[in-house]
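Q: Numbering (our numbering), first residue to last: 1 to 163. Here you go, one structure.
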């Protein structure tokens with residue numbers, strides 16, 4: 001009798017483990033709840049496509065910039081769709097928390113620009129994420145030479161654009 005009870009408990013335990021292992025749980029970053037259906041590259045492409053589709057379908061876009069030229073010879077430019085204008089508050093706070101950072105409505109200046117890194121996605125897990133570009137400027141110390149801009153742009157998963 002005891003062996004039968006132990007066998008039943010063992011079978012039930014195994015069944016519970018199998019059931020819990022087979023259920024799929026999604027984390028908050030799994031936008032489409034399909035991470036388990038594709039490999040990493042497919043998943044990233046799907047997220048990128050959704051973000052760029054949102055940007056392309058936006059009727060009204062305002063451009064903002066975080067000017068950092070004095071401190072780091074950079075400027076970040078953000079096209080912000082009307083439905084996510086609330087995100088500019090965080091952008092402004094982040095920009096102005098950096099040394100000599102100035103948040104403005106408008107484009108980054110083209111004068112003395114060495115290169116741009118475009119199509120940088122701020123948050124891959126947010127289908128309404130902002131897509132921005134970094135502008136890099138000439139400086140006396142030559143901080144932003146092409147090899148450095150290429151390296152940083154690659155790290156940001158953006159696309160390099162010369163001037």
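Ideal placement from N, C-alpha and C gives every residue a C-beta, glycine not left out.
Expressed to the nearest angstrom, what Euclidean distance is found between the alpha-carbon atoms of residue 140 and residue 39?
A: As a first step, residue 140 is located in the chain shown; it is residue number 140 there, counting from the start. As a first step, residue 39 is located in the chain shown; it is residue number 39 there, counting from the start. Approximately 45 angstroms between the Cα atoms of the pair.
Q: Quick one: any contact between the region 60-68 and the region 101-110, if contact means 3 or more CB pairs under 8 angstroms?
A: yes
Q: Buried or exposed for residue 145, please, with buried defined as at least 16 other CB atoms from any protein chain shown within 10 angstroms of its CB.
A: What you label residue 145 is simply residue 145 of the chain shown in a count that begins at 1. Exposed.
Q: Would you identify the three-state DSSP class for residue 92, choosing helix, strand or coil?
A: As a working note, residue 92 is residue 92 in the chain shown. DSSP places residue 92 in helix when its eight states are reduced to three.
Q: Contact check, residue 117 vs residue 91 under 8 angstroms by CB: the rounded distance?
A: For the purposes of this step, residue 117 is taken as the residue at position 117 of the chain shown. For the purposes of this step, residue 91 is taken as the residue at position 91 of the chain shown. Wrong, their Cβ atoms sit about 17 angstroms apart, outside the cutoff.
Q: Which full runs of the alpha helix (DSSP H) of 4+ residues lie inside the region 119-162, going along the chain?
A: 146-155
Q: Kindly indicate the opening and closing residues of the beta strand (DSSP E) around residue 82.
A: In the chain shown, residue 82 corresponds to position 82, counting from 1. Per DSSP, residue 82 belongs to no beta strand (DSSP E) and is neither H nor E.
Q: Of the residues 83, 88, 82, 49, which one's Cα is nearest the Cα of residue 76?
A: Here residue 76 is taken as the residue at index 76 of the chain shown, counted from 1. The shortest C-alpha separation from residue 76 is found at 88.
Q: Using the C-alpha atoms, what's the distance from residue 98 back to residue 74?
A: As a position in the chain shown, residue 74 is number 74, starting the count at 1. As a position in the chain shown, residue 98 is number 98, starting the count at 1. Distance between the alpha carbons of residue 74 and residue 98 is about 12 angstroms.
Q: If I follow the unbroken alpha helix (DSSP H) through residue 111, where does it start and stop?
A: Against the chain shown, residue 111 aligns to sequence position 111. Here residue 111 belongs to no alpha helix (DSSP H), and DSSP marks it neither H nor E.
Q: Under DSSP, the alpha helix (DSSP H) around residue 72 begins and ends at which residues?
A: The residue given as residue 72 occupies position 72 in the chain shown. It spans 69-72 - the alpha helix (DSSP H) in which residue 72 sits, taken as one unbroken run.
Q: How big is the Cα-Cα spacing for residue 130 and residue 78?
A: Counting from one through the chain shown, the residue named residue 130 turns up at place 130. Counting from one through the chain shown, the residue named residue 78 turns up at place 78. Those two C-alpha atoms are separated by around 7 angstroms.
Q: On a CA-only basis, which of 61, 121, 115 is nearest residue 149? Give me that one, please.
A: If you number the chain shown from 1, residue 149 lands on position 149. Proximity to residue 149 across 61, 121, 115 peaks at 115, based on C-alpha coordinates.
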